[in-house]
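Enquirer: Have a look at the structure that comes next, please.
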Amino acid sequence: MSSILTSLSEELAAAVRTAAPSVVQVHGARRVHAGVVIDTDLVVTSGRGLDGDTVSVRSGDGQVVEGTLAGRGRATSLAVVRVPGLAAPAATAAPEPSPGHLAQAVGRTWSGGVFAAFAPVAVVGGPLRTGRRTEIPRVIRVGLEPHGALTGGALVDGAGRVLGIVTGTAIRGTTVVVPTEFARADAREGVATAGAKQGYLGLGSMPVQLPAAQQAGGAARGLLITAVADGGPAAAAGVLVGDVLIGLDGAAIDDADDLVGRLRGERVGQPVTLTLRRGATPVDVTVTVGERPRG
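Numbering (numbering that gives the first Met the number 0), first residue to last: 0 to 294.
As structure tokens, then:
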């Protein structure tokens, strides 16, 4: 008669085998991550280190298919890769778990093999702020520290259904997981808004509170320009170190993450108007958005 431990072990291994075909390996220009197939020809993975338009995706059976970066989630920073002809099934989503539920993180080793780790659910809640104006409504935190082979992979329940996408973000010894529902929604929004290309102004900045003498127009905060890249779009437009950026095309700007989010996709190659404070003088400059240099 099988022991309880043997029976549990078999069920855990079966859950990993069920999920594994939907967990792939994504090769970017600088990093290798796991990825999860969320729809026909669509893979969600970590956006860290994916700078180029083209990536290679390796399925569990060793098939390697060229894909393209189709978008980035604004709130989650997950990347979406479109891989025509990828012979891997879409993952089945699981209902939201509760703290105390047993789960497993499934990823891929460097050589492409399955990597699985026990990851009990520690916290389910939210929102989790990811920027001044962005947040993930709900997150799962598991009792497992981040691991490179699991980043971008799947957190699965006892039936092999996907609870969420494993990130490389740690909070007090736990790893943050983006629930499947929100990962899919953010990824699809990224694709719909053509968020794959990241715009580039060639600026360094830090948030500042403006003194009363510089608050003409009602802007109390902005981004102090601390660096201007030689030959970059901002330098060509005449932006100077010491200027304070308070708006882009009429929208208030006081957060670097918000600025980055507004420069994605269709913005690349297009002119934008930067509203600056140069001392106490308001200045508008037109900058043609470049594409972020790779690497």
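Every residue gets a Cβ at the ideal spot worked out from N, C-alpha and C, and that includes glycine.
My parser needs the alpha helix (DSSP H) runs of 4 or more residues fully inside the stretch 170 to 224; what are they?
Expert: You should have 179 to 191.
Enquirer: Take every Cβ of the stretch 7 to 23, pair it with every Cβ of the stretch 77 to 93, and state whether three or more of those distances are shorter than 8 Å.
Expert: Cβ pair count under 8 Å is three or more, so yes.
Enquirer: So, is G249 buried or exposed, given that buried needs 16 or more other C-beta atoms within 10 angstroms?
Expert: G249 should be labelled exposed.
Enquirer: Going straight from the alpha carbon of H26 to that of A226, what length do you get?
Expert: One C-alpha to the other measures close to 32 Å.
Enquirer: Measure the alpha-carbon distance for D257 versus V282 and round it to whole angstroms.
Expert: Approximately 21 Å, taken between the alpha carbons.
Enquirer: Tell me the rounded alpha-carbon separation between P206 and A14.
Expert: If you take the alpha carbons of P206 and A14, they lie about 47 Å apart.
Enquirer: Any idea if L244 is buried or exposed, counting beta-carbon neighbours within 10 angstroms, 16 or more meaning buried?
Expert: Looking at its Cβ environment, which holds 16 or more other Cβ atoms inside 10 Å, L244 is buried.
Enquirer: Decide if the stretch 49 to 68 is in contact with the stretch 138 to 153; the criterion is three or more beta carbon pairs, one per stretch, under 8 Å apart.
Expert: Verdict: no, contact absent.
Enquirer: So for L49, helix, strand or coil by DSSP?
Expert: Coil.
Enquirer: Out of I139, T67, T129, state which residue places its alpha-carbon closest to the alpha-carbon of V161.
Expert: The shortest Cα separation from V161 among I139, T67, T129 belongs to I139.
Enquirer: Helix, strand or coil for G294 per DSSP?
Expert: Caution applies to G294, whose pLDDT of 47 falls short of 50 and renders its modelled position unreliable; the value that the coordinates give is listed next. Three-state result, G294: coil.
Enquirer: Provide the residue(s) that pair with T272 in DSSP beta bridges, ordered along the chain.
Expert: Partner(s): T285.
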